[in-house]
Structures are given as C-alpha cells and as structure tokens.
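Residue numbers (my numbering): 508 to 673. Backbone N, C-alpha and C define an ideal beta-carbon position, used for all residues, glycine too.
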Amino acid sequence: MFYLHCSKQLLDRVSSGVNEPAGKGDNILGNWYAKAIFSKPQVALFVNERTLLPVLMPLAPALNLVERFPQYLFKILLAQGVSESFMRQELDHLEKVVYCKSTNRSIIGILNMFTYHLEGYQSMHYADDCYSLSMMMADTPCGPLYKSTITPGNALREFALSGTIH
Numbered sequence: 508m509f510y511l512h513c514s515k516q517l518l519d520r521v522s523s524g525v526n527e528p529a530g531k532g533d534n535i536l537g538n539w540y541a542k543a544i545f546s547k548p549q550v551a552l553f554v555n556e557r558t559l560l561p562v563l564m565p566l567a568p569a570l571n572l573v574e575r576f577p578q579y580l581f582k583i584l585l586a587q588g589v590s591e592s593f594m595r596q597e598l599d600h601l602e603k604v605v606y607c608k609s610t611n612r613s614i615i616g617i618l619n620m621f622t623y624h625l626e627g628y629q630s631m632h633y634a635d636d637c638y639s640l641s642m643m644m645a646d647t648p649c650g651p652l653y654k655s656t657i658t659p660g661n662a663l664r665e666f667a668l669s670g671t672i673h
C-alpha cells in the first residue's frame, strides 16, 4: 500500500473521494505526490516525497492512472541504475493506493517547478516523450537537495544504496 497525495484537479479525476488522512505506506520510497498537467498531451506528474524523483506519464485514461504508474516508475528506476531488489521492494507495494490531499507545501513547490521546466523542455523540443522528460527532470537540481545530492536521480541512487539521503 502507498499514499498518493493528489492535487484537487487530479483527485477529482481519479478518486471518488479522499480515503483517509495521510500516513506512512509500505513501499520503500514512501509517499508520492501527483498533479495533472493540462498541456498537449495531458500528463500526470508524480514526485516522490523523499527523493523528489519525478515520473511523468499520460493522464488518459485517468481512472486507471494508478494501475499504470508502476510500469512508468519501473522504467525510471531501471534507467537510474537501482538494484533489482530495491525495485521489487518498491513496486510490490504499489498495488493498493490510499488517496490523500496534497499537504507538503515544499513538494507542491517542486511539482510546480517541474511543471515550469516541462513547459520549457517541450517548447524547446528537447524531448517529447514522458520517459525522456522524466529523465531530464530527474537530473534537474532541486533546492531541498542542494546541501546533499543536488538532483532527484542522485538522491534516489544514494537512498537505494544506503537507505538515507545525506
């Protein structure tokens, strides 16, 4: 089980309502945040609360967004070079989701920052597929990580190796 903190717009599309207050899930990376981005094409942006790792995927069909999330996350984890056992630990706990409202303002700011970068990457035609855009954003320096790993990709790899982010 994992907790997915959604923006109001996304929550209205994927859930019949907020299930319960946020808590700690069974997955190794912890809580995920997500928002809908109404660009062309419409996409959903997921960000991990612990590592700030972004995962971008098509929004439609929104009703099975969470069922499709593990396959997109798998591709990103594989490309970031984390171990198979780490991937299995994370992906095995993504079958059941608890929807929550977005509460962490720092992560909401990161979602907004990635949305801004996404618009720039798309307008400059650096990449147009969700995988390439996710990988580019994973290498983007993030303020909360400046004193440690600097980028979400580095934070993920460090966490996968040591269980902490310094």
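Using the beta-carbon count (16 or more within 10 Å), is residue i buried or exposed?
i: Glu574; result: exposed
i: Pro678; result: In the structure as shown, the chain starts at 508 and stops at 673, and residue 678 therefore has no counterpart that could be examined.
i: Phe545; result: exposed
i: Leu668; result: exposed
i: Pro648; result: exposed
i: Tyr606; result: buried
i: Pro568; result: exposed
i: Leu570; result: exposed
i: Thr610; result: exposed
i: Gly650; result: exposed
Per the DSSP calculation, residue i is bridged to which residue(s)?
i: Met508; result: Partner(s): none; Met508 has no beta bridge.
i: Lys608; result: Cys513
Nearest to residue i by CA position, among the options, is which residue?
i: Leu618; options: Phe509, Val521, Trp539, Gly530; result: Trp539
i: Ser514; options: Gln578, Gly670, Ala543; result: Ala543
i: Asn555; options: Leu517, Tyr638, Glu597; result: Glu597
i: Met642; options: His624, Ile615, Tyr653; result: His624
i: Ala586; options: Tyr638, Glu626, Thr622; result: Tyr638
Where do the ends of the beta strand (DSSP E) carrying residue i lie?
i: Ala543; result: 539–544
i: Asn555; result: 550–555
i: Leu640; result: It is not in any beta strand (DSSP E) - Leu640 instead sits in the alpha helix (DSSP H) that spans 637–645.
i: Leu563; result: 561–565
Tell me the residue span of the alpha helix (DSSP H) that contains residue i.
i: Leu663; result: 659–669
* To do: Please specify which runs of the beta strand (DSSP E), each continuous and at least 3 residues long, are wholly inside the segment 574–621, giving them in chain order.
  => 604–608
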